[in-house]
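Under the numbering used here, think of the first position of the sequence shown as 1, with each following residue one higher. Notes for the one structure printed next.
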Amino acid sequence: MIGYIHSIETMGAVDNGGIRFVLFLQGCGLRCSFCHNPDTWLASGKPVEAAEVIEQLKSYKTFFELSGGGLTVSGGEPLLQSGFVKELFIEAGKLGIHRALDTAGYCKRGDLQEVLPHTDQVLFSLKVVDPEKHRQLTERENVDIIKNLRMTAESQVQLVVCYVLIPGVNDAPEDAQALADLVKSLNRVVPVDVLAYSKLGADKWEEMGLCDPMAGVAPATQKQVELFQAGLRRLGVHLHHVRRWGNFLDDEGRDKFAGNYSVIHPE
């Protein structure tokens, strides 16, 4: 099957644990004001066969095994190309490669259902919980997004809620409370990964002739992230923490990052 790709990061070490082969797919239905890849909104992308991607993956398998990494499919919104993602994940699974889906959940329910059985981990990107704030931030409703989050929680897939903290936008105490209430209402414990908003990709808005809605918003500081995390812990939320790779062999040549997923528990 053919998919339409925005870009590939072959030695990614930011989006998840270990060394990741990160495939960014073209297309997204959201219009996030803080999007790092607004060029994924365009009806374009490089066409590529799933089999071609799998062949590339094979050459990185040793790195995945040493670091606890694998394949991450992101976007844009990857579930707009659910058939392509499904084929990729099935074939990657045959090779024993860890498969992570980075999604905002703005997709048809059936597309998510199609991919979940072949997925090891879902990184579910929640922009903000309050419906009105969500409309302002993304130009879209979040009712179906929350339904898809609940469906994902009901599956057996490892699930992490990712929340990009934007100063003055989604970092208020009521935002933390709404996030905590939602996550704790799920049918199992789901950790939250709080990520700092940055200016990465701001130049793309200018290149595309678009007005950057976040031009006057400062990047989130580590202190702001820590304060928000502390608030979530007080509200009973579990925090997700990934030990990033570096020198991933210990003195005896063993993998220091096997099982690199951990959870920081609430206070």
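The beta-carbon is built from N, C-alpha and C at its ideal position, and this holds for glycine as well.
Residue i and residue j look like a contact to me (Cβ under 8 Å); what is the Cβ gap, rounded to whole Å?
{"i": "Arg31", "j": "Arg140", "result": "7 Å"}
{"i": "Gln229", "j": "Val183", "result": "With 8 Å as the limit, Gln229 and Val183 do not qualify as a contact, their Cβ atoms being about 13 Å apart."}
{"i": "Ile2", "j": "Val48", "result": "7 Å"}
{"i": "Leu80", "j": "Gly17", "result": "About 26 Å separates the two Cβ atoms, so there is no contact after all."}
With which residues is residue i paired in a DSSP beta bridge?
{"i": "Asp268", "result": "What the structure shows of the chain is the stretch from 1 to 267, and residue 268 is not part of that stretch, so it cannot be assessed."}
{"i": "Val48", "result": "Gly3"}
{"i": "Leu23", "result": "Ile8 and Val73"}
Could you check which residue in the options has the C-alpha nearest to that of residue i?
{"i": "His6", "options": "Gly17, Gly18 and His36", "result": "His36"}
{"i": "Asn170", "options": "Pro219, Gly69, Glu87 and Cys107", "result": "Pro219"}
{"i": "Glu154", "options": "Thr10, Tyr4, Arg188 and Gly29", "result": "Arg188"}
{"i": "Val217", "options": "Gly209, Asn148, Lys199 and Ala230", "result": "Lys199"}
{"i": "Pro117", "options": "Pro131, Gly105, Gln158 and Leu95", "result": "Gln158"}
{"i": "Glu9", "options": "Glu55, Pro47, Leu79 and Thr72", "result": "Thr72"}
{"i": "Ser185", "options": "Val164, Leu149, Pro213 and Thr138", "result": "Leu149"}
{"i": "Ala176", "options": "Leu23, Gly29, Asp212 and Gly236", "result": "Gly236"}
{"i": "Lys108", "options": "Val160, His241, Ile145 and Gly75", "result": "Ile145"}
{"i": "Gly12", "options": "Gly3, Cys211, Ser67 and Gly168", "result": "Ser67"}
{"i": "Val160", "options": "Asp102, Pro38 and Lys61", "result": "Asp102"}
{"i": "Asp39", "options": "Glu226, Leu210 and Tyr163", "result": "Leu210"}
{"i": "His98", "options": "Glu77, Leu239, Lys58 and Pro191", "result": "Lys58"}
{"i": "Val192", "options": "Leu179, Gly76 and Leu23", "result": "Leu179"}
{"i": "Gly96", "options": "Thr62, Asp203 and Val129", "result": "Thr62"}
{"i": "Val190", "options": "His238, Val22, Gly168 and Pro131", "result": "His238"}
{"i": "Glu132", "options": "Phe124, Val143 and Ala215", "result": "Val143"}
{"i": "Glu77", "options": "Leu126, Gln56 and Lys94", "result": "Leu126"}
{"i": "Ala196", "options": "Val225, Gly110 and Pro173", "result": "Val225"}
{"i": "Pro173", "options": "Ser33, Ala51, Asp130 and Val53", "result": "Asp130"}
Give the secondary structure of residue i by DSSP, where H, G and I count as helix, E and B as strand, and everything else as coil.
{"i": "Asp102", "result": "strand"}
{"i": "Glu9", "result": "strand"}
{"i": "Gly18", "result": "coil"}
{"i": "Leu179", "result": "helix"}
{"i": "Asp39", "result": "helix"}
{"i": "Pro173", "result": "helix"}
{"i": "Asp255", "result": "Bear in mind that a pLDDT of 38 at Asp255, under 50, signals an unreliable position, so the number given afterwards is only what the model happens to contain. Note: Asp255 maps to strand in three-state DSSP."}
Requested in this report: Jot down the residue ranges of each uninterrupted beta strand (DSSP E) in the stretch 195-249, minimum 3 residues, whole runs only, in chain order.
Outcome: The beta strand (DSSP E) runs lying completely inside the stretch 195-249 and spanning 3 residues or more are 239-242, given in chain order.
Query raised in the report: Of all the alpha helix (DSSP H) runs that stay within the bounds of the stretch 52-99, which reach a length of 4 or more residues?
Result: Taken in chain order, the whole alpha helix (DSSP H) runs of length 4 or more contained in the stretch 52-99 are 61-67 and 82-94.
**Report entry** Completely contained beta strand (DSSP E) runs for the stretch 103-158, where each covers 3 or more residues
**Finding:** Here the runs fully enclosed are 121-126.
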